[in-house]
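Everything in the sequence shown is counted per the working numbering, starting at 168 for the first residue and increasing by one.
Don't be surprised by glycine CBs; every beta carbon is placed ideally from N, CA and C.
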Amino acid sequence: DQMPDSTNAIYKAAAALWKPWLDTEALTTLSQGGFYSQLVKPGLRLVSLNTILYYGPDKVTSNMTDPAGQFEWLERILEKAAQSQEKVYIIAHVPVGYLPFVRNTTAIRERHNERLVAIFRKYSHVVTGQFYGNPVNSLFVSPAVTPIKSIFEQFSNNPSFRMYLYNNKNYSVKCQSEHKNCFWLSTDSKTFPFFLSLFVSPPFCRFSVPLKDIWQYYLNLTEANEKQRSDWRLEYIMTEAFGLTDLQPKSLLQLGLSFMLPHTKSFDKYFSHFMVSYDNRLICDGSCKVNQVCAVLHLDEQSYSKCAASSHW
């Protein structure tokens with residue numbers, strides 16, 4: 168959790184490890200700041216961000232506006248990708264958005280969260296997927312294989328990993344009108360495959376590429392400890408679990424909005440998967456549900472606060 172904003176032994180070691188797969192420019196930024204950009208194939212670019220630089224516990228960067236110059240670098244990369252008609256997948260450790268298990272708390276520092284969200288909004292026609300590896304809200308945030316219970320969390324969760332099925336032939340985003348902005352997808356903290364950030368109003372944008380489906384596998388820790396062996400099982404397939412015909416933003420938005428209804432089975436199923444089938448007896452209602460739903464639907468401070476303040480549902 169303590170990453171510096173300049174060249175150091177850790178960044179250099181990471182660059183050496185990834186040297187067989189990254190180009191010279193990517194290796195340079197990786198060794199200098201822990202982030203890089205790499206063209207995967209014509210039309211698709213991968214951008215790996217070092218979001219630990221914005222993480223609260225990272226004391227080295229706590230007073231910095233743009234640690235390691237990553238914000239400036241990111242905008243430059245996305246602008247170049249737009250001009251080159253490339254689509255971009257974002258990968259990182261700590262995600263943008265709010266923690267779904269505690270009120271008014273972002274996963275990264277709030278000021279850095281606001282700026283990162285603003286950049287993603289600006290380039291929503293370029294960025295077609297976000298994938299994170301640490302709890303919170305495609306954005307898609309995968310659950311941990313080695314989960315740790317935060318002091319803010321009431322419950323823990325089982326270990327899990329996820330597999331994504333995506334279209335590898337088309338990376339474009341098609342809007343259903345001339346409106347240039349798109350709904351940006353986002354995953355939950357520990358486990359859920361989607362979180363919807365309401366960045367704009369309809370018309371909706373339809374992602375031609377990205378996700379076709381998600382498979383999530385889990386390990387029942389209680390059973391594994393009793394039997395002294397691991398037995399990984401399929402927990403759910405996204406489309407089947409929620410009765411979805413596709414994972415387009417409009418479909419995910421309708422699913423997310425359905426969570427606001429009282430006594431809805433879709434939210435109960437969501438929460439069970441959020442906990443990675445840890446204990447199906449657990450019930451999330453009241454403030455617990457407000458925290459979850461507002462984090463699912465909103466990434467920025469203004470819309471999140473409005474959701475939490477008007478949560479009469």
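Can you tell me which residues form a DSSP beta bridge with residue i?
i: L386; result: None, per the DSSP bridge assignment.
i: R482; result: An answer regarding residue 482 cannot be provided, because it is not within the stretch 168 to 480 covered by the chain.
i: V255; result: R212, V294
i: L378; result: Y333
i: T273; result: Y265
Looking at the secondary structure, which residues open and close the alpha helix (DSSP H) in which residue i lies?
i: Y290; result: Element bounds for Y290: n/a, residue is neither H nor E.
i: S472; result: 468-476
i: K417; result: 416-425
i: I244; result: 237-250
i: S198; result: 191-200
i: H440; result: 432-441
i: V227; result: V227 -> no alpha helix (DSSP H), and no H or E assigned at all.
i: L449; result: Taken as a continuous stretch (DSSP letters only), L449 belongs to no alpha helix (DSSP H), as it is neither H nor E.
i: L491; result: Past the boundaries of the shown model lies residue 491; the chain is included only from 168 to 480, so the question cannot be answered.
Would you mind giving the Cβ-Cβ distance between residue i and residue j, rounded to the nearest angstrom? I have them listed as a contact below 8 Å.
i: I275; j: V294; result: Going by Cβ atoms, the distance from I275 to V294 rounds to 17 Å, so no, they are not a contact pair.
i: S418; j: F426; result: That belief does not hold up - the Cβ atoms of S418 and F426 are roughly 14 Å apart, past 8 Å.
i: Y385; j: N325; result: 5 Å
i: L486; j: L216; result: Lying outside 168 to 480, the shown extent of the chain, residue 486 is not represented and no answer is given.
i: S327; j: Q383; result: 6 Å
i: A235; j: S173; result: 7 Å
i: Y445; j: S323; result: 6 Å
i: H440; j: E402; result: 7 Å
i: D435; j: L414; result: No, D435 and L414 are not in contact; Cβ-Cβ is about 20 Å, not under 8 Å.
i: G296; j: L466; result: Contact flag wrong, Cβ pair sits at about 15 Å.
i: D225; j: D168; result: 6 Å
i: F298; j: Y256; result: 7 Å
i: E320; j: E468; result: At roughly 22 Å, the Cβ-Cβ gap does not stay under 8 Å, so E320 and E468 are not in contact.
Between which two residues does the beta strand (DSSP E) holding residue i run?
i: K208; result: 203-208
i: F328; result: 327-333
i: E402; result: 400-404
i: A183; result: Where A183 is concerned, there is no enclosing beta strand (DSSP E), although the alpha helix (DSSP H) it sits in stretches over 176-185.
i: L213; result: 211-215
Are there 16 or more other CB atoms within 10 angstroms of the CB of residue i, so buried, or fewer, so exposed?
i: I450; result: exposed
i: P187; result: exposed
i: T228; result: buried
i: I177; result: exposed
i: G410; result: exposed
i: N392; result: exposed
i: V376; result: Per-residue confidence for V376 stands at a pLDDT of 44, beneath the threshold of 50, marking its modelled position as unreliable; the derived number appears in the next sentence. Flag for V376 reads buried.
i: A259; result: buried
i: L184; result: exposed
i: K254; result: buried
i: F359; result: Annotation note: pLDDT 34 at F359 (below 50); position unreliable, coordinate value reported separately. Result: buried.
i: S291; result: buried
i: G423; result: buried
i: E170; result: Just to set this straight, residue 170 is Met in the shown sequence, not Glu. Answer is buried; the Cβ neighbour count reaches 16.
i: R212; result: buried
i: N387; result: buried
i: M330; result: exposed
i: P310; result: buried
i: L197; result: buried
i: P209; result: exposed
i: A193; result: buried
i: T273; result: buried
i: V463; result: buried
i: Q237; result: buried
i: A180; result: exposed
i: V207; result: exposed
i: P314; result: buried
i: T218; result: buried
i: V312; result: exposed
i: N428; result: Here the sequence assigns Leu to residue 428, which means Asn is not the residue at that position. With fewer than 16 Cβ atoms within 10 Å of its Cβ, L428 is classed as exposed.
i: A476; result: exposed
i: E407; result: exposed
At a cut-off of 7 Å, is residue i close to the ligand FAD when judged by its beta-carbon and the heavy atoms of the ligand?
i: K254; result: In the structure on display, the ligand FAD does not appear, and there are no ligands present to speak of.
Would you call the region 454-464 and the region 263-278 touching, i.e. three or more CB-CB distances under 8 Å? Under the Cβ criterion (8 Å, minimum of three pairs), the region 454-464 counts as touching the region 263-278.
Below 8 Å, can you find three or more Cβ-Cβ pairs linking the region 280-290 to the region 196-203? no
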